[in-house]
Amino acid sequence: MKAVIYTRYGPPDVLQLKDVKKPTPKNNEVLVRIRATTVTIGDTIMRSLHVPGPQWQRIFARLYLGILRPRRPILGMELAGDVEAVGKDVTRFKVGDAVFASTVSEDFGGHAEYKCLPEDGMLAIKPENISYEEAAAAPGGCVTALRCLRKAKIQPGQKVLIYGASGAVGTNAVQLAKHHFDADVTAVCSAANHELVDSLGADAVIDYTREDFTESGQTYDVIFDAVGKLEKTHSQKALKQNGVYLNVLVDSGRGEKLEELVSVKKLIEAGILRPVIDRCYPLEDIIEAHRYVEKGHKKGNVAIQVAGSN
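In terms of the working numbering, the sequence shown is residues 5 to 314.
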């Protein structure tokens, strides 16, 4: 099968499209023929090993990813595709099922034509009303946004500010806060993304390049930093006395729960949530996809078409 691998850390050019052995599912696994995957900020960080944060975090990342060279040569944190084969003990899925999944707990591997996943992992039937590319983007941004916003226990009518509203997590947070939690939503992003976040349901949009939302005198019940660039101390004067501050780097937590993926599936099928796709690249152009994501200006998600999809 074709897969994008990297054997050393560095710029996007370290990525190579090569033929590797096609995996065989174990008794409790399904073999997914991947139709679409994504390139996330996380993929670019692992590829380059330019890990943000304190020194201890960078040391931990190197121990996890590989001290001298990558221990997991195929990146890709999420995918969507079709079940091609199942292990003898599998009962939840059958050949032909369209599925979407997170690979974070399974050593990544989405940037390939095939991936084996345990049937009890972060794997679910794909929502019928979205494309494979959109479904591939759901296990990351959609699940993260839902997980964080649930912590705030948002009540209908409360004022919620989403900082970094045009990113992978932010675009989902705007939709969820407005259409699922029934909040009054203020989105913070650049002027170039005003129309996008407005279309997602934002009641107000602030251009962070021209205005500091903390200086307006407006206060919020919830402030959610969806990009991890906003200091809590800076947000305090715009937060109501009993308001909740959320930061995606802290409040997204660790570990994955299938229940969250199933919840996202239901929200998508109900028309409440839809992943935003900025650009699509074929697998052979994944280097260009990494270059684009690394610029830090993507709107929503960047998808990779691995096989024929719709």
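Idealized CB from N, CA, C, for every residue including glycine.
- By a beta-carbon distance limit of 8 Å, ALA84 contacts LYS130. Their separation comes to about 6 Å.
- When DSSP states are grouped into helix, strand and coil, VAL24 belongs to the coil group.
- Taking VAL164 as reference, the option from GLU138, TYR224 and MET126 with the minimal CA-CA separation is TYR224.
- For MET50 against LEU72, the beta-carbon gap comes to about 15 Å, at or over 8 Å, which does not count as contact.
- About 6 Å separates the beta carbons of ARG151 and SER256, which is inside the 8 Å limit, making them a contact pair.
- The beta carbon of ILE290 lies closer than 7 Å to those of VAL8, LEU19, VAL43, HIS115 and ILE308 in the same chain, with the five residues before and after it left out.
- Between THR218 and HIS238 the beta-carbon gap is near 6 Å, inside 8 Å, which marks them as a contact.
- Excluding its 5 nearest sequence neighbours in each direction, GLY247 has C-beta neighbours in its own chain below 8 Å: THR223, TYR224, ASP225, VAL226 and ILE227, listed in chain order.
- Note that the C-beta distance between ALA230 and GLY300 is not below 7 Å.
- With 16 or more neighbouring CB atoms inside 10 Å of its own CB, GLU298 falls in the buried class.
- Burial is judged here by how many other beta carbons sit within 10 angstroms of a residue's own beta carbon; THR107 has at least 16 and is buried.
- For ASP124, same chain residues with a beta-carbon under 8 Å away, outside a window of 5 residues either side, are ASN32, ARG96 and LEU262 in chain order.
- Using a Cβ distance threshold of 7 Å, HIS184 and ILE63 do not count as a contacting pair.
- Per DSSP, THR107 is not a residue of any beta strand (DSSP E), being assigned neither H nor E.
- Assignment of PHE217 by DSSP, reduced to helix, strand and coil, places it in the helix class.
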